[in-house]
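A.B. asks:
Protein chains in written order, with our numbering: chain A, 567 to 1164; chain B, 567 to 1164.
1. Compute the Euclidean distance between the alpha carbons of residue 924 (chain B) and residue 881 (chain B), then round it to the nearest angstrom.
2. If we call anything under 8 Å between Cβ atoms a contact, is residue 736 (chain A) one with residue 811 (chain A)?
3. Who are the near neighbours of residue 916 (chain A) in its chain, counting only those whose CB is closer than 8 Å to its CB and skipping five residues on each side?
4. Where does residue 565 (chain A) land, buried or exposed, given buried means 16+ other C-beta within 10 angstroms?
5. Quick one, which residues of the segment 793–825 of chain A are near chain B if we go by CB-CB under 7 Å, in chain order?
6. Could you please tell me which residues of the segment 684–711 of chain A, in chain order, have their CB closer than 8 Å to any CB of chain B?
7. From what residue to what residue does the beta strand (DSSP E) around residue 923 (chain A) run?
8. Under 7 Å between beta-carbons, which chain A residues line up against residue 713 (chain B)? List them in chain order, please.
9. May I ask you to list the residues that DSSP assigns as paired with residue 882 (chain B)?
10. Tell me which residues share the same chain as residue 1030 (chain B) and place their Cβ nearer than 7 Å to its Cβ, disregarding the 5 neighbours each side in the sequence.
11. Is residue 816 (chain A) near residue 809 (chain B), with beta carbons less than 8 Å apart?
12. Exposed or buried, which one is residue 899 (chain B) when buried takes at least 16 other CB atoms within 10 Å?
13. I'd like to know whether the C-beta of residue 786 (chain B) is nearer than 8 Å to at least one C-beta of chain A.
14. Which residues, in chain order, does the segment 1022–1056 of chain B contribute to contact with chain A at a C-beta distance below 8 Å?
15. Using a beta-carbon distance below 8 Å, is residue 906 (chain B) in contact with chain A?
16. Per the DSSP calculation, residue 641 (chain B) is bridged to which residue(s)?
17. Return the first residue and the last residue of the alpha helix (DSSP H) that residue 697 (chain A) is part of.
18. Apply the 10 Å Cβ neighbour rule to residue 1019 (chain A) and answer buried if 16 or more other Cβ atoms are within range, or exposed otherwise.
19. With a threshold of 8 Å, are at least 3 pairs of Cβ atoms found where one atom belongs to the segment 985–999 of chain A and the other to the segment 953–968 of chain A?
20. Kindly indicate which residue of B:1129, B:1150, B:1088 and B:765 has the alpha-carbon position closest to the one of residue 1122 (chain B).
21. Could you tell me whether the segment 608–624 of chain B touches the segment 643–658 of chain B, where touching means 3 or more Cβ pairs closer than 8 Å?
22. Roughly how many angstroms separate the alpha carbons of residue 1064 (chain A) and residue 603 (chain A), rounded to a whole number?
23. Can you tell me which residues form a DSSP beta bridge with residue 737 (chain A)?
24. From the DSSP output, read off the bridge partner residues of residue 1057 (chain B).
25. Beta strand (DSSP E) containing residue 971 (chain B): first to last residue?
26. Please decide whether residue 724 (chain A) counts as near chain B, where near means a Cβ-Cβ distance under 8 Å.
27. Find the residues of chain A that neighbour residue 753 (chain B), judging by a C-beta separation of less than 9 Å, and give them in chain order.
28. Please tell me whether residue 858 (chain A) and residue 1073 (chain A) are closer than 8 Å, where the distance is taken between their beta carbons.
29. Taking 7 Å as the limit between beta carbons, can you name the residues of its chain near residue 873 (chain B), skipping five residues before and five after?
30. So residue 647 (chain B) contacts chain A; which residues on that side make the cut at Cβ distance below 7 Å?
31. Would a check of beta-carbon distances place residue 561 (chain B) closer than 8 Å to chain A?
32. Residues in the segment 759–782 of chain B with C-beta within 7 Å of chain A's C-beta atoms, listed in sequence order?
33. Can you find a C-beta in chain B that's less than 8 Å from the C-beta of residue 897 (chain A)?
34. Using only the alpha-carbon positions, how far apart do residue 576 (chain A) and residue 944 (chain A) sit?
35. Kindly identify the DSSP beta-bridge partner or partners of residue 779 (chain A).
36. Considering just the uninterrupted stretch of the alpha helix (DSSP H) at residue 772 (chain B), what are its terminal residues?
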């Protein structure tokens, strides 16, 4: 931009912000709504709504403001860096305040008015995190008799927590989600306890098949506060990420119980009673809030197949697959054709098993390199880092694209991937692999958001199928015999091992197990946008169902997703919990409704 | 600066660099030397000299260039950001290349010419570190039979190292120094092995007295590659820093043997034979290079006192003090009045011991807050971070002030501390405490560089002495009786415990123990600048004796110091070792001479 243009752009943003603030201050909702374009989206992350929600159109803006303006009492809107203009859209980073907190936002302005507005709560006034200049001293410089050391304080705390002193929040599940949330709650001074049934933090990764690596790249995967160092591999092997999670838990002082399985939880209208088997000891916890961070994938789907009881070989769900080492020379049938199926087929083939993949429905595949380059590269890559796109900025840019229109932004990237890897897709087609690009061609990330399944990020195993080194069969499994898997069309596949890479149910399945079916039904399906596409029934929600926000069950929350989501959305969940812990008023706008039981 | 002035400043730097490069290219040493001011200093960190050395005056510049110019073959001098001018001195960040590497520098230009020049080697051409865009992939995206996982590779490596495969470098000592060097060598692909006698990384801190905290602030203490997070305390408690070191060793994949004590080492002119007791097993290692990272403090000084054998109480050196818990109600005499003495006296007093400090000679005390603010704040503080002074920049600025003139820069800061805390010093004087500001008033950091002792950074215990809560006695210890410490003036101090906070010898004492006395004598005293002040005899060296650079014993190196030095100077030591590992020519200019045996 020329200097003159830059000044004009800045002036337009300043004018818009001044007009918006003035309308809000005057409680003139029609004037505020009129500052938006006809087609517009306002996504709020906890700043105005104490919810994660997107409103659409000027009516949506009016509705949100009518409900929230008096309590939010916003002010102080200002740009935080020089806005940029491209293709008729001005993009401006902004800050603002509400009655209770400080926020960051991203505004996209068209000629007609605001096209998209993201408002995100960053901190609560009076409860700022002790970071940077506010970091703890670590030691008092006045000596006093009986002063305990840091280690003594930590030991006393860990002995009391859950016994003499109850946590305010219990987090069930200590993978990346639980750990990231635990770190944020500790930072915010909210007494919390993360529970995990495995022996060590990181075992959620360690105990999976040996060839597993992250399919998302390092720039996408940083945890809060402590980013990976610059020598961290692009795709971390599972044992390396496990070590990182273990050490992160320790150095961030996350209160964490390993070898702890939750047996039950009940809510009495005031607090939860959570019964935990802690390494053989039964402990009763009474937190105010309960967070399920048990993996966005929920409970394993294990098909109930005729003949499963007569099959003489071994059979297990992909989540319990121990890796290939015991299966050299064995016949293996892997049911499913998504991420886990490919990973497991690949590792088995590398270990000289005779592998057949059973594809039951079509799968979307993108090559990892193409996805990195065309799908994530602008936000999460070394190139992005060099262009000044910090992790936090990338998260906010990503969050600022409303889910309603996100497919439009995604489709061109996947068209480019199709062109770039045309030979690869032709080879897959030639062996009869059923491939799709999503119901609207919007590719992988939309499939992830809508249904959390139906895709494979190719890190090499797709070539095995395309080359016939891993055999391919099609259709549903009809039944098992003593030594084979029989498909609906009568095809019989000899098998020493059957792996069910058949995915996972909704996270409220865990609620049914741990709380009760009625609560699970009341909360309803977790995950999905309501896009009315396969496995994501409508009505349109516009946000991930039940994730990181209040649910129909008071004081029950869901947290999880990939490392990116665990990092970014743990902030909003932690702030919601902190506000409640401090007794702030948190009126929820548009509480999530429940339309589907699972 | 106005824009016009900035352009003029930039032009002067550009002109100087062009003239310098042109003179160097023409091998016109007089012309190059004439570009320096009469009083000038060129400090080179391995870039030109394969040494850490400072030359003074135009003659020094000529001498350095005469010896190094042909092999260094420097070029590509250019500024890397806009230079700044203040008080008649222009400060410019520069880059340059040599035949073998790329360097960074800091140039200070006066009207007469270059006043100070720092040249620092950052990487070797062709052997750049795999960082950022060059980071490892973590996984191969082509599957192949028998491909080992990351975990299998790591396990195989750790089983072979030291047995089937010899390390090129053995580092004795796995505190922060050994760990930082180990991390850098791993990054550079130099097979190395760090040995430590303790059971776990971090035990060097864990096993010390319970109230111990770092006396240096967090900004000064970052390790390479993985900085502390923004919530890290200013002064980390010992167990917290221990946890960090342990996790750092793991996530940086530093090859590390715990519970391993080096029994002996001999050099045959080609390689070392190092005999190690590894948890009861005797292992023989044959590295090319041996690094002593056993702590810059060297071996404990334990005074040989008459009556020590008849004393019926307990007595130990400060390095073996277990903390105060067993000494409530006991009479304790602490011999010494420096950092450890104050820390131990303070913790004992907090635990209700009856404590007397025996001051044998004068001590320099600064209050921690004053030191942070006036001594370090411009380079290592939140304020510095906010002003864009990264850790690496701070390290280079600090390194760019030649040791010869560093006292001049230090004196005003300590004069300001004296004024700021005048009441405190008056109180100390009133109880008879012998206080000094260093032989030339240059304060703490010069004492640290010259002798590594003679000071206390006050984190609270000095008040106990000033208030008489910790009693003070003066003079040398003459002898012990069955139940007391008797001073030269006849004063008798009843004692159940005597702590010898009597400091440490030179690091070459470890060489005498592990190699032999002849080698220790050949190498000579380690540490100190040759300032001809107390405990730092001349002649003037201008650099820390024997630290991080070639010594009189071929293939024997010393590494250590505080966390700042462990971080920064480990780079230069690692690059020197890497160059030798790759068979590069590394002619050493002005090899350190030995003038003192200890």
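Yeah, the Cβ is synthetic: ideal placement off N, Cα and C, and Gly gets one too.
C.D. replies: For this structure:
1. 15 Å
2. no
3. 777 and 890
4. An answer regarding residue 565 (chain A) cannot be provided, because it is not within the stretch 567 to 1164 covered by chain A.
5. Here the close residues are 795, 796, 797, 798, 799, 800, 801, 802, 803, 805, 806, 809, 810, 813, 816 and 817.
6. 695, 696, 697, 698, 699, 701, 702, 703, 704, 705, 706, 707, 708, 709, 710 and 711
7. Run containing residue 923 (chain A): 920–925, per the beta strand (DSSP E) assignment.
8. 916
9. For residue 882 (chain B), which the question treats as bridged, DSSP gives the partners B:1065.
10. 911, 912, 915 and 1036
11. yes
12. Looking at its Cβ environment, which holds 16 or more other Cβ atoms inside 10 Å, residue 899 (chain B) is buried.
13. At a cut-off of 8 Å between C-beta atoms, residue 786 (chain B) does not count as an interface residue with respect to chain A.
14. 1024, 1025, 1026, 1027, 1029 and 1030
15. no
16. Residue 641 (chain B) pairs with B:663.
17. For residue 697 (chain A), there is no enclosing alpha helix (DSSP H), as DSSP gives it neither H nor E.
18. buried
19. no
20. B:1088
21. No, because fewer than three Cβ pairs between the segment 608–624 of chain B and the segment 643–658 of chain B fall closer than 8 Å, the two stretches do not touch.
22. 55 Å
23. A:760 and A:857
24. According to DSSP, which records beta bridges pairwise, residue 1057 (chain B) is partnered with nothing at all.
25. Note, residue 971 (chain B): premise wrong, no beta strand (DSSP E); not H, not E.
26. no
27. The contacting residues are 797.
28. Taking C-beta atoms as the reference points, residue 858 (chain A) and residue 1073 (chain A) count as a pair closer than 8 Å.
29. 1045, 1046 and 1047
30. Going along chain A, no residue has its Cβ under 7 Å from residue 647 (chain B), so there is no contact; the nearest lies around 16 Å.
31. Lying before the first or after the last residue shown, residue 561 (chain B) is absent from chain B, which here runs from 567 to 1164.
32. 776, 777 and 779
33. no
34. Near 24 Å, if we compare the C-alpha coordinates of residue 944 (chain A) and residue 576 (chain A).
35. Paired residues: A:803.
36. Residue 772 (chain B) -> alpha helix (DSSP H) spans 769–772.
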